[in-house]
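In the UniProt record's numbering, the protein residues as written are 1 to 222.
So, in structure tokens, the structure goes:
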């Protein structure tokens, strides 16, 4: 299990982004096409498609938080287009040395090899991305921010709700999927723009809660 990371950066004010025209950022797997992840036909989306949409929404949200809350430097992100919106997505290079780049890579692995593997197996109930303040002993102290993503599975689809945007985010109609993705991005931009700057030393972690269908129902913390 990967240990939580303490991030040390000079405090900055939150990035200001025009929520009506663009948003930042998203974590995108190099092999995954964002355009393909959003169905464009009038047919209902399949369970596999809805799972992929949820993965992308979580990638987008976590990356959005990282960018707007200044958790990583600019060179960790790459520009992409998601739901017709220009975004900055986490794109760490594993071959580049440096604490920030390696921390960003660790975060993407928490999602890709931890949360999303559990999601595909229908074990994941909730994912929480948390930011803590760090004490003088370099250990996490006060919880500063927490962003949770709750998963609900049905025989035909997987749906998502969050603590920062009410309601289920995945609809059976492809046009609704796009609308909800845009709403998610704009909501995160609005929320993060209203927050105070984080301290220079902060601790991030990702907590996974598994449902009763898991072989070992429990919560884990990466």
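A virtual CB, placed ideally from N, CA and C, is assigned to each residue, including glycine.
Being a predicted model, the structure only gives us computed values, none of them experimental.
Original post:
Leaving out the 5 sequence neighbours to the left and right, which residues in its chain are closer than 6 Å to residue 158 when beta-carbon positions are compared?
Top reply: Only 50, 51, 54 meet the Cβ criterion.
Original post:
In three-state terms, what does DSSP make of residue 140?
Top reply: Residue 140 sits in a strand when the DSSP states are folded into three classes.
Original post:
Between which two residues does the beta strand (DSSP E) harbouring residue 53 extend?
Top reply: Note, residue 53: premise wrong, no beta strand (DSSP E); alpha helix (DSSP H) at 47-68.
Original post:
Should residue 76 be labelled buried (16 or more other beta-carbon atoms within 10 Å of its own) or exposed?
Top reply: By the 10 Å Cβ count, residue 76 comes out buried.
Subject >> Short Cβ contact (8 Å threshold) for residue 144 with residue 198 >> reply: Between residue 144 and residue 198, the C-beta spacing is below 8 Å.
**OP:** Would you kindly work out how many angstroms separate the C-alpha atoms of residue 105 and residue 196, rounded to a whole number?
**Re:** Roughly 26 Å between the two C-alpha positions.
Original post:
Out of curiosity, what's the CA-to-CA distance linking residue 211 and residue 127?
Top reply: Looking at the backbone, the Cα of residue 211 and that of residue 127 are separated by about 11 Å.
**OP:** For the region 62-120, list the beta strand (DSSP E) runs that are entirely contained and at least 3 residues long, ordered along the chain.
**Re:** Listed in chain order, they are 77-82, 85-90.
Original post:
Which residue or residues does DSSP assign as beta-bridge partners of residue 145?
Top reply: Answer is 131, bridged to residue 145.
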